[in-house]
Every structure is written in structure tokens, then in C-alpha cells.
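Written below as C-alpha cells is the structure these notes are about.
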Amino acid sequence: MLIAHRLDNIIIIFYVFSTATGLSVAQQCLEACEDLHKHGFIHRDIKPANYACGLDSKRHTIYILDFGIARQILNDRNELKSPRVTVRFKGTLKFASIACHRGKELGWKDDCESWFYLMLDLIVITGLPWKSSRDINTVWQMKEEVRERKNVLFHGLKCGSELGKILAYLDSLQYQDHIDYHYIYKQLEDACFVSGGKMDGAYDWEL
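Right, here's the structure in full:
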């Protein structure tokens, strides 16, 4: 597999993607997560730096990278492993799930929560509220607080209601729960529609 540029490098050029590009890219990122989850693994470090676009005819395709801290979540009988009592922090502070901050076992839902932060990082012009903090407890507190002030997360977006439904759904899940990816994809399509864009349009770097 040959790749052109990682998402974190592309976003530096554009500062922020158009909503349509960001949502479409995010959908591909989640599809890659879904494929990984179907094979019984979780990534545990979902972030823009771990995705990249392809070359030439594949420049519209997003690939997932770096499985260095991925973990097999199913046992040899294809059953979900029992959660450990405490787990050390894994991943990247900016995109880590709340369960990761709490020292809980990470599941499918935690990859998806990290993905949600990735998506916002691509389309919200002000970025994630905790983007400038390097203190693990401050970032944790801010992630908890934005659940009560979602307008801070969706600053400048027309599709805050649709994206808020995704976050509420992810927050309702427990370690053992499977993900309803189709529900999330539907909300992404609705979000793109109310934003006036098209999910199948050219990406910003293709124009």
C-alpha cells in the first residue's frame, strides 16, 4: 500500500476542512475502524496522524495506519475478553476516550469516541476545546464538561444537532456493547445534508 499524506499533515495546509470533506473523510475513517473491529481488534490510538490518503487514483481513499498498540479484544472462541480492573493510559491525550482517562478497559466504543474527536478536529475551526492543554487531568475534566455544553464542541457548525446525536449514542455504550455503525453513518449523511454539502463530492485537496 502506497500512501500520499497523513491527515494531520493535510489539515495543516487547509487549517480546517470544509464540512463536507471532513464528514466524508471521517466516514472513511470510521469504516476502517469498523473493519478492524470485525476482526476482533481495537486500535487504541485513533487520530489524524494514523490515517492517510492514497496516491493518484486512490487519493480519495483513506487508510488506517499504525497498529503498534492495537489489542485483540476477542478470545480464541470469538468471545469478548473480560475487562481488566485497571488499565494504563493508552493512546494520544487529545483524542483519548473518557474511559481511557478513568483507567478502564477500552472497547469498540472507545475507538469510536476517539474517532468522534478526530472528526471534530477536522471540521471545527476553533479545534477541540482542550487542544492547547497538556495536562492529563485538565483534558479529562474538559471532556467531561463539554457533555453539558455541546455548543462548545460544535462551534460554527450547522450540523451540531446531528453530531450531538452521535456523541449521545456513543456515551450511552458500555465496554461490551457492539456499535451500530449504520446509525452513525446515517447521522453523518444528515449532518452533511444540513450543512449544504455532498458526501460523495471531491475532497478539498482534490480541487
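In terms of mature numbering (1 follows the signal peptide of the UniProt record, and there is no 0), the sequence shown is residues -26 to -1, 1 to 181. Idealized CB from N, CA, C, for every residue including glycine.
Distance from the Cα of T66 is smallest, within the candidate group H17, A(-7), G171, V120, for H17.
Separation of the CB atoms of H129 and V98 is rounded to 6 Å, and the pair is thereby assigned contact status at 8 Å. Excluding sequence positions up to five before and after M173, its CB lies within less than 8 Å of the CB of A(-7), L(-4), S(-3), Q1, L162, E163, C166, all in the same chain and listed in chain order. A straight-line Cα-Cα distance of about 7 Å links L94 and G101.
In this model, G42 and T60 are separated by some 20 Å (Cα to Cα).
For H156, the enclosing alpha helix (DSSP H) has its first and last residue at 155 to 168. Note that the C-beta distance between N52 and L39 is not below 7 Å. Non-local C-beta neighbours of W104 in its own chain, meaning closer than 8 Å and more than five positions away in sequence, comprise K68, T112, V113, M116, K117, ordered along the chain.
If the five residues before and after Y37 are omitted, its C-beta is found closer than 8 Å to the C-beta atoms of M(-26), I(-24), A6, Y25, A26, C27, G28, all from its own chain and listed in chain order. Counting only runs of 3 or more residues that sit fully inside the stretch 21 to 101, the beta strand (DSSP E) segments are 25 to 28, 36 to 38, in chain order. Shown here, H11 sits in a helix according to DSSP, grouped into three states. Note that the stretch 139 to 157 touches the stretch 82 to 90; at least 3 beta-carbon pairs, one per stretch, sit closer than 8 Å. Apart from sequence neighbours up to five positions away, no residue of its chain approaches R123 with a beta-carbon distance below 7 Å. Per DSSP, I140 has no beta-bridge partner at all. Secondary structure of A(-23) (DSSP, three-state): strand.
In chain order, T(-8), A(-7) place their CB closer than 6 Å to the CB of G171, counting only its own chain and leaving out the 5 sequence neighbours on each side. Counted as a single uninterrupted DSSP element, the alpha helix (DSSP H) harbouring V126 occupies residues 124 to 127. For K105, there is no enclosing alpha helix (DSSP H), as DSSP gives it neither H nor E. Around the Cβ of G81, a 10 Å sphere holds 16 or more other Cβ atoms; the residue is buried. For V113, the enclosing alpha helix (DSSP H) stretches over residues 110 to 119. For the pair G134 and D84, the Cα-to-Cα distance works out to about 21 Å.
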